[in-house]
Amino acid sequence: MAAAEYAHQRTTTAAATKEQEPDPHEIRIFTDGTWNPSTQTATVAMYARGGQQSSKRYQLEEEAATSELELRAIMLGLQRAKNLGLKADAERITVHIDRNEVNIALHGPARVGTTEHTIQEIGNQLLTDKDIAGRAR
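Numbering (UniProt numbering), first residue to last: 1 to 137.
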């Protein structure tokens, strides 16, 4: 895929990270995933405004689709936000996505046992336990 295909998403994400006055009631999470075929290793990373960041490596037996890696990065970000505790005044979490396939996967029905299903479960827990809504952009 040509880099030009994702230029709009990257521009949108870059603009979101440079906002002068971010909404104090919103937690923004930016994610990415990469695959190294020579080592069969996938790495996912997340960054949340305020400096929280995390990465995780997966040793996989088969090549992982980029969209699956992005989903795992989102899952990592939401788990980290949930486990580390959120600001008391947080009302929503926005996850910035640069792949349309991931956006479609998150907004559709998810099969039990999939990464999408786990993400939806974490989102439901955040809404139920902390009254924090989630959205993907």
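Every residue, glycine too, gets a C-beta built ideally from N, C-alpha and C. Predicted, not measured: the structure shown is a model, and the values here were computed from it.
{"Item": "Reducing DSSP to helix, strand and coil, say where ALA65 ends up.", "Value": "coil"}
{"Item": "Can you name, in chain order, every residue of its own chain whose Cβ lies under 6 Å from the Cβ of VAL95, other than the five neighbours on each side?", "Value": "ILE29, ILE74, ALA136"}
{"Item": "Would you say LEU69 and ALA42 are within 8 Å of each other, going by their C-beta atoms?", "Value": "yes"}
{"Item": "Might you give, ordered along the chain, the residues of its own chain that have their beta carbon closer than 7 Å to the beta carbon of LEU60, omitting 5 neighbours on each side?", "Value": "GLN40, ALA42"}
{"Item": "Using 8 Å for Cβ pairs, my map puts ILE93 next to ILE132. What's the rounded Cβ distance?", "Value": "6 Å"}
{"Item": "For GLU26, which residues does DSSP report across the bridge?", "Value": "ARG92"}
{"Item": "With 16 as the cutoff for other CB atoms within 10 Å, does GLU116 come out buried or exposed?", "Value": "buried"}
{"Item": "So what's GLY123 in DSSP terms, helix, strand or just coil?", "Value": "helix"}
{"Item": "Leaving out the 5 sequence neighbours to the left and right, which residues in its chain are closer than 6 Å to HIS107 when beta-carbon positions are compared?", "Value": "none"}
{"Item": "Looking at the structure shown, is VAL44 part of a helix, part of a strand, or coil, going by DSSP?", "Value": "strand"}
{"Item": "Using a Cβ-Cβ cutoff of less than 8 Å, which residues in the same chain neighbour ARG111 once the five nearest sequence positions on both sides are dropped?", "Value": "HIS117"}
{"Item": "Give me, in chain order, the residues of the same chain whose beta-carbon lies closer than 8 Å to that of MET1; leave out the 5 immediate sequence neighbours on both sides.", "Value": "With a pLDDT of 45 at MET1, under the threshold of 50, the predicted position of this residue should be treated as unreliable, though the coordinate-derived value follows. Correct list: empty, nothing qualifies."}
{"Item": "Could you give the distance in angstroms between the alpha-carbon of GLU126 and the alpha-carbon of GLU62?", "Value": "In the sequence under discussion, the amino acid at residue 126 is Leu, which differs from the Glu named in the question. Cα to Cα, LEU126 sits roughly 32 Å from GLU62."}
{"Item": "Hey, would you say SER67 sits closer than 8 Å to GLU101, going by beta carbons?", "Value": "yes"}
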